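Engineer:
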Amino acid sequence: MNRLRLSLTPAAFGYGLIWTFLIVFVLFPLTRIFYDAFTNEAGGFTLANFLEFFTDSFYLRSFWKSMVLGVVTVFTTSVIGIAVAFLIVRYDFPYRNLFSYLTMLPMILPPLVGVLGFVFILGRAGTLNVLLMDWFGLEHPVNFMYGMQGVLLVETVHLFPLMTMSILDALAKVDPSLEEAAQGVGAKGFRRFRDITLPLTTPGYVSGALLVFIWTFADFLTPLVLGVQDLLAPQAYLNIVQFVDRRIFRMGIVISALLVILAIVFVIAARQYVAIKDYSSLAYSKVERIQLGPVKRWLAVGFLGLLMLICFIPQVGVLLASVGRGWALTPFPEHYTLEFFRAVSIETPKFIINSLLFCGLALLMCLVIGVPMAWVMGRTRAPGRDTMDALTTLILAIPGTALGIAYVRAFNFPLPFIDIPLTGMWIILPLVLVVRRLPYTVRASLSSLQLVHQSMEEAAANVGATRLRTFWDITVPLIWKGIFVGALFSFITSLQEASATIFLTLGGWEMIPFGIFTFYIAGSQSQAAALGVILIVLCALCLYAVNRVAGTRVGGLFG
Amino acid sequence: MYRKFTILAAALFLLQAAGPGVAQAPIEEELNLITPVAKTLTDPTLADFAKYAKEKWNITVKTSALAAGTPVAYGQIVEWKGRPQVDIFWGGESALFDKLAEQNLLAKLTLPKDVIDAVPVSIGKPMPIPLKDPKGFWTGTVLEPYGLVYHPKVLARLGVPEPKDWDDLLNPKLKGHIAQCAPTRSSSSHATYEVILQRDGDDKGWEWIRHLGGNTGLFTARSRDVPSVVAKGEFAAGFAVPSYMAFEDRLAGFDIKFVAPKTAWITPEPIAVLAGARHPKAAMMFIEYLLSERGQRVAMERGVFPITPKYRVQGAPGSTAEMAVEFTGGMRSYFDREVTNIYEDDKAQKRYAEVNEKFRKEVESVIEDLKKKY
Chain A
16 MNRLRLSLTP AAFGYGLIWT FLIVFVLFPL TRIFYDAFTN EAGGFTLANF
66 LEFFTDSFYL RSFWKSMVLG VVTVFTTSVI GIAVAFLIVR YDFPYRNLFS
116 YLTMLPMILP PLVGVLGFVF ILGRAGTLNV LLMDWFGLEH PVNFMYGMQG
166 VLLVETVHLF PLMTMSILDA LAKVDPSLEE AAQGVGAKGF RRFRDITLPL
216 TTPGYVSGAL LVFIWTFADF LTPLVLGVQD LLAPQAYLNI VQFVDRRIFR
266 MGIVISALLV ILAIVFVIAA RQYVAIKDYS SLAYSKVERI QLGPVKRWLA
316 VGFLGLLMLI CFIPQVGVLL ASVGRGWALT PFPEHYTLEF FRAVSIETPK
366 FIINSLLFCG LALLMCLVIG VPMAWVMGRT RAPGRDTMDA LTTLILAIPG
416 TALGIAYVRA FNFPLPFIDI PLTGMWIILP LVLVVRRLPY TVRASLSSLQ
466 LVHQSMEEAA ANVGATRLRT FWDITVPLIW KGIFVGALFS FITSLQEASA
516 TIFLTLGGWE MIPFGIFTFY IAGSQSQAAA LGVILIVLCA LCLYAVNRVA
566 GTRVGGLFG
Chain B
1094 MYRKFTILAA ALFLLQAAGP GVAQAPIEEE LNLITPVAKT LTDPTLADFA
1144 KYAKEKWNIT VKTSALAAGT PVAYGQIVEW KGRPQVDIFW GGESALFDKL
1194 AEQNLLAKLT LPKDVIDAVP VSIGKPMPIP LKDPKGFWTG TVLEPYGLVY
1244 HPKVLARLGV PEPKDWDDLL NPKLKGHIAQ CAPTRSSSSH ATYEVILQRD
1294 GDDKGWEWIR HLGGNTGLFT ARSRDVPSVV AKGEFAAGFA VPSYMAFEDR
1344 LAGFDIKFVA PKTAWITPEP IAVLAGARHP KAAMMFIEYL LSERGQRVAM
1394 ERGVFPITPK YRVQGAPGST AEMAVEFTGG MRSYFDREVT NIYEDDKAQK
1444 RYAEVNEKFR KEVESVIEDL KKKY
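Going down the list, the sequences are from chains A and B.
For the first sequence, our numbering gives the first residue as 16, with consecutive numbering after it.
For the second sequence, our numbering gives the first residue as 1094, with consecutive numbering after it.
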């Protein structure tokens, strides 16, 4: 077995650089918000902030409601996500490939756009309510959206694909011979599922569930649009964006610190569970798909079709709003125009340009940092690699809101020599994007690296190839697909990132999600919608590329 | 090769020598704002200012506006500690500008005397609203009332008459149909709640506020969302909305209406140059431009009123200026009439946090109970 020796080789130096990056851009900012959370205005250590949080009935209610929302969303996404995953991996029915692509699409609903789209169709003056009132004489509109029910709907539709993808990956790795063996000794149906399939897919499921939970937990835009302010993430956001009252401001930081602490606790708990139960083999197995009977196959199509119909409500709503002028209280817009698209692309191209530029840079940095990280974890015994592994999972779990706030607090001092703080330079945006999205590149590279047998690399080494040559000639061709998928995934999610960047964007650096946000808060919902449509199309194209290269096996990204 | 180098060096030297001349350019080539004023007012004024600079000095000014609610902008400026990343703070309450000036975070205005003298000292009785800083750190730019908005079609369906005064929002038929933004998040809402408290006194005032809470169907995250949701017809009426924000929705083709009750607070949208700004000359010129007839006219097209009696909102029939006049109830200038103001800013600023805290405890935290009670 190859070992990376820690002498001062270039490799060790590179490894040191990666660690420096992680320490400066992940650990340091996080320590800064913990410092803020545990000190008072005078800078002395105190627990008073947390005491205040846990004795304030409003904050406590926010806390519990956030927990409940997270759990319920995990439940709803599980039901839908598992059903979809099983259908797609195990059964054959018409349009199966199409559905395997379509069911990934809800994931690329940009922040804010999803909820706005839903409101356009299901709001109190949305298409559905208008039809009910105009045709059936309904007096008061049905409140589908404003409240927890609306938040749950938006999160479920947005996040079930994460669950599907995690399970797909796990399911595709389950060796069918195990299930056949179970069948052979008489375990059928539910029993076989419970004793064999379930435990084997649990690790994938747990990581998917963790991600859904934390995502819901950290999303502040959706609840805010729907008027739900008594949740943790909206409270953190609202308290921090008002600076006047320093006490409320500090409570915002305390809540962000709390979000990070909770994320760490959940990650540790999940890792304990997954570590114990990881029996799945590493290789993807060929799965024989079961042909569904004539009735069942159309039931499957019907179920998926109905699901897609609900999932595409936001896209339809956003599309209509982006071309409709003065659309209110009619089922569909009455005046159509392309002026909003022109306004956000030709007249002010900066949103699209900045997005592509910053996310492209982030993508490059993800590759430069992420692929070596995966290699260190998968192929070496370098000291600290377990910590690195844990850290990538943790990064995935840190709410973007908290990270953005941590950056504002930590990097707002003038740097030596240039005398400008990092927060005053645009490079901070690609940097925060790299940190947020690095885990996807690392995970995808790592999981494909694990599928390449080391004997191939060893064979190359035996005939005299250098380590670098081996890597380049043997390893890379075998794992490029995994790297490509991971990197593209980092890119897509960077394009959609808003929670961390909202706090860091200054004039001139606006990316598409920030543009959506500013248009929305300036009351120009149609411009926001037009930018949303552009973003959705960009991401859908990338996702199509992912789907073509990797099929449905893009799980393993989230472990 | 070597010769080329010398020529290059000489050229560079000449350029350097020309340096001081360049530095004496009338304004810098960049200007950045931080502002709670919506894009729909900042974008056209900045764009026209860039045009003006090009015409007057043949200088291309790159402008940008960082959108931030009043409290956020204020906090951000304090956080920058005199090393601001923008040049100008525009909009919000004048009291916050006074606070910034006390912390030495504002630069004194150096406007020509006739420009600043054209802005009256104050407007309104019995409580005068200051329109410029006697110490010279800030000046008002435009006048605009914080009123209420409604959607006539939604009201008609509910069988509710069009509201004229704040109290009309307490109509039981409007229960669940009102949108507002909490005073903790919105300065227009905070100011308007102060109007109610100073009109009715503490006990009755708070009872009124709780009652409105019981009628509220949506607490928005920002004040700008209030006219948006009403324009869309999602909610019937909205509380404490700056006139020009509602007017933008009207311009966007929505059927939204605005009314400023007699006691509505009028803001002068103060403006100031930040101490340590990197483009101080461009900043000062922008303010001068904004107070000029040209700047005032651009602003008037967006639904606000001139800060000086010298101009009145006026345009060709069918122009946006005329639409704005119709939208705000036929008024062309605040200096044409008696302005009533009962809002005392000192009083409001002294208990700013207290009112916010009380709102949080007695309205936001118990909103479900209030909905049952009223």
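For each residue, glycine too, the CB sits at the ideal point set by N, CA and C.
These numbers come from a predicted model, not from an experiment.
(1) Given that a residue counts as buried once 16 or more other Cβ atoms are within 10 Å of its Cβ, and exposed if not, what is residue 1283 of chain B?
(2) Does any CB atom of chain B fall closer than 8 angstroms to the CB of residue 73 of chain A?
(3) Just to confirm my understanding: we take residue 1341 of chain B, look at its own chain, exclude 5 residues before and 5 after, and list those with CB closer than 6 angstroms. What are they?
(4) Applying the 10 Å Cβ sphere with the 16-neighbour rule, what's the burial state of residue 350 of chain A?
(5) Strictly under 8 angstroms for the Cβ-Cβ distance: is residue 256 of chain A near chain B by that measure?
(6) Would you mind telling me which residues of chain B sit closer than 8 angstroms to residue 161 of chain A, beta carbon to beta carbon, in chain order?
(7) Just the chain B side, please: which residues come within less than 8 angstroms of residue 540 of chain A by C-beta, in chain order?
(8) For residue 1332 of chain B, which of B/1397, B/1173, B/1271, B/1224 has the nearest alpha-carbon?
(9) Could you check which residue in A/30, A/237, A/348 has the C-alpha nearest to that of residue 400 of chain A?
(10) Looking only at its chain, what residues have a beta carbon closer than 8 angstroms to the beta carbon of residue 1452 of chain B, apart from the 5 residues adjacent to it on each side?
(11) Using a Cβ-Cβ cut-off of less than 8 angstroms, list which residues of the stretch 1284 to 1318 of chain B approach chain A; keep chain order.
(12) Classify residue 519 of chain A: buried if its beta carbon has 16 or more other beta carbons within 10 angstroms, exposed otherwise.
(13) Is there a Cβ of chain B sitting closer than 8 angstroms to that of residue 393 of chain A, yes or no?
(14) By Cβ distance, which residues of its chain are closer than 7 angstroms to residue 1457 of chain B, with the 5 residues on each side in sequence left out?
(15) Please report the residue range of the beta strand (DSSP E) in which residue 89 of chain A lies.
(16) Under a three-way DSSP split, which group does residue 1169 of chain B fall into?
(17) CB residue 137 of chain A to CB residue 122 of chain A, shorter than 8 angstroms?
(18) With a 10 Å radius around its C-beta and 16 neighbouring C-beta atoms as the bar for buried, classify residue 28 of chain A as buried or exposed.
(19) Which ranges would you report for the alpha helix (DSSP H) in the stretch 122 to 181 of chain A if only whole runs of at least 4 residues count?
(20) Taking residue 35 of chain A as part of the alpha helix (DSSP H), name the residues at either end of that continuous run.
(21) For residue 420 of chain A, which beta-bridge partners are listed by DSSP?
(22) DSSP three-state call for residue 1333 of chain B: helix, strand or coil?
(23) With 16 other CB atoms within 10 Å as the buried threshold, where does residue 1469 of chain B fall?
(24) Quick one: Cα of residue 410 of chain A to Cα of residue 158 of chain A, how far?
(25) Residue range of the alpha helix (DSSP H) that residue 1156 of chain B falls in?
(26) Ordered along the chain, which non-local residues of its own chain (more than five positions away) have a Cβ less than 6 angstroms from that of residue 514 of chain A?
(27) Would you verify that the beta carbon of residue 1393 of chain B is, or is not, closer than 8 angstroms to some beta carbon of chain A?
(28) Taking the straight line between their C-alpha atoms, what separation do you get for residue 134 of chain A and residue 504 of chain A?
(29) Is residue 1468 of chain B helix, strand or coil when you go by DSSP?
(30) What are the residues that DSSP puts in a beta bridge with residue 1274 of chain B?
(31) Taking 8 angstroms as the CB-CB cut-off, is residue 1198 of chain B touching chain A?
(32) Listing by chain order, which chain A residues have their CB less than 8 angstroms from the CB of residue 1347 of chain B?
(33) How many Å lie between residue 344 of chain A and residue 1240 of chain B at the Cα?
(34) Specify, as a first and last residue, the run of the beta strand (DSSP E) that residue 1459 of chain B falls within.
(35) Flag this pair as yes or no: are the beta carbons of residue 1254 of chain B and residue 1262 of chain B separated by less than 8 angstroms?
(36) Starting from the Cα of residue 463 of chain A, find the closest Cα among A/438, A/492, A/441 and give me that residue.
Structural biologist: Straight from the coordinates:
(1) As a first step, residue 1283 of chain B must be located in the second sequence, where it is residue number 190. Residue 1283 of chain B should be labelled buried.
(2) Looking up residue 73 of chain A in the first sequence gives position 58. Cβ-Cβ to chain B under 8 angstroms: yes for residue 73 of chain A.
(3) Here residue 1341 of chain B refers to the residue found at position 248 when the second sequence is read from its first residue. Correct list, in chain order: 1133.
(4) Taking the first residue of the first sequence as 1, we reach residue 350 of chain A at position 335. By the neighbour-count rule (16 or more Cβ atoms within 10 Å), residue 350 of chain A is not buried but exposed.
(5) In the first sequence, residue 256 of chain A corresponds to position 241, counting from 1. Yes, because at least one Cβ of chain B sits closer than 8 angstroms to the Cβ of residue 256 of chain A.
(6) Mapped onto the first sequence, residue 161 of chain A falls at position 146. 1310, 1311, listed in chain order.
(7) Here residue 540 of chain A is taken as the residue at index 525 of the first sequence, counted from 1. Contacts between residue 540 of chain A and chain B, judged by CB atoms closer than 8 angstroms, involve 1321, 1325 in chain order.
(8) As a working note, residue 1332 of chain B is residue 239 in the second sequence. Of B/1397, B/1173, B/1271, B/1224, the residue nearest in Cα terms is B/1271.
(9) The residue given as residue 400 of chain A occupies position 385 in the first sequence. Checked all of A/30, A/237, A/348; the closest Cα to residue 400 of chain A is A/30.
(10) Reading the second sequence from its first residue, position 359 is the one you call residue 1452 of chain B. The answer, listed in chain order, is 1275, 1276, 1277, 1286, 1302.
(11) Per Cβ criterion, the list reads 1310, 1311, 1312, 1313, 1314, 1315, 1317, 1318.
(12) Translated into the one-based positions of the first sequence, residue 519 of chain A becomes position 504. Buried, since its Cβ has 16 or more Cβ neighbours within 10 Å.
(13) Your numbering for residue 393 of chain A matches position 378 in the first sequence. With 8 angstroms as the cut-off, residue 393 of chain A does not count as an interface residue toward chain B.
(14) Within the second sequence, the letter at position 364 stands for residue 1457 of chain B. Answer for residue 1457 of chain B: 1275, listed in chain order.
(15) By 1-based counting over the first sequence, the position of residue 89 of chain A is 74. From DSSP, residue 89 of chain A is part of no beta strand (DSSP E) but of the alpha helix (DSSP H) over 72 to 105.
(16) As a working mapping, residue 1169 of chain B is identified with position 76 in the second sequence. The DSSP-derived three-state label of residue 1169 of chain B is helix.
(17) To locate residue 137 of chain A, count along the first sequence from 1; it is residue 122. To locate residue 122 of chain A, count along the first sequence from 1; it is residue 107. Contact flag unset, no.
(18) Indexing the first sequence from 1 puts residue 28 of chain A at position 13. Residue 28 of chain A should be labelled exposed.
(19) 128 to 137, 142 to 151
(20) For this step, residue 35 of chain A is matched to residue 20 along the first sequence. From DSSP, the alpha helix (DSSP H) with residue 35 of chain A extends over 25 to 37.
(21) Translated into the one-based positions of the first sequence, residue 420 of chain A becomes position 405. In DSSP, residue 420 of chain A forms no bridge with anything.
(22) Sequence index remark: in the second sequence, residue 1333 of chain B carries index 240 (1-based). Strand, per DSSP.
(23) Residue 1469 of chain B cannot be examined here, being either before or after the span of chain B that is shown, 1094 to 1467.
(24) The residue given as residue 410 of chain A occupies position 395 in the first sequence. The residue given as residue 158 of chain A occupies position 143 in the first sequence. Looking at the two C-alpha atoms, the distance is approximately 37 angstroms.
(25) Start at 1 with the first residue of the second sequence, and residue 1156 of chain B comes out as number 63. First-last for residue 1156 of chain B: 1155 to 1160, but that is the beta strand (DSSP E), not the alpha helix (DSSP H).
(26) In the first sequence, the residue the question calls residue 514 of chain A occupies position 499. Non-local C-beta neighbours of residue 514 of chain A in its own chain, meaning closer than 6 angstroms and more than five positions away in sequence, comprise 415, 416, ordered along the chain.
(27) Residue numbering aside, residue 1393 of chain B sits at position 300 when the second sequence is read from its first letter. Between residue 1393 of chain B and chain A, the shortest Cβ-Cβ separation is not below 8 angstroms.
(28) What you label residue 134 of chain A is simply residue 119 of the first sequence in a count that begins at 1. What you label residue 504 of chain A is simply residue 489 of the first sequence in a count that begins at 1. Computed Cα separation, rounded: 28 angstroms.
(29) Nothing about residue 1468 of chain B can be reported from this structure: the residues present for chain B run from 1094 to 1467 only.
(30) Within the second sequence, numbered from 1, the residue matching residue 1274 of chain B stands at position 181. Per DSSP, B/1313.
(31) Within the second sequence, the letter at position 105 stands for residue 1198 of chain B. Cβ-Cβ to chain A under 8 angstroms: no for residue 1198 of chain B.
(32) Taking the first residue of the second sequence as 1, we reach residue 1347 of chain B at position 254. Against chain A, the beta carbon of residue 1347 of chain B has neighbours under 8 angstroms at 341, 343, listed in chain order.
(33) What you label residue 344 of chain A is simply residue 329 of the first sequence in a count that begins at 1. What you label residue 1240 of chain B is simply residue 147 of the second sequence in a count that begins at 1. One C-alpha to the other measures close to 23 angstroms.
(34) Locating residue 1459 of chain B in the second sequence gives position 366, counting from the first residue. Where residue 1459 of chain B is concerned, there is no enclosing beta strand (DSSP E), given that its DSSP letter is neither H nor E.
(35) As a first step, residue 1254 of chain B is located in the second sequence; it is residue number 161 there, counting from the start. As a first step, residue 1262 of chain B is located in the second sequence; it is residue number 169 there, counting from the start. Taking 8 angstroms as the Cβ cut-off, residue 1254 of chain B and residue 1262 of chain B do not qualify as a contacting pair.
(36) As a first step, residue 463 of chain A is located in the first sequence; it is residue number 448 there, counting from the start. Out of A/438, A/492, A/441, A/492 has the C-alpha closest to the C-alpha of residue 463 of chain A.
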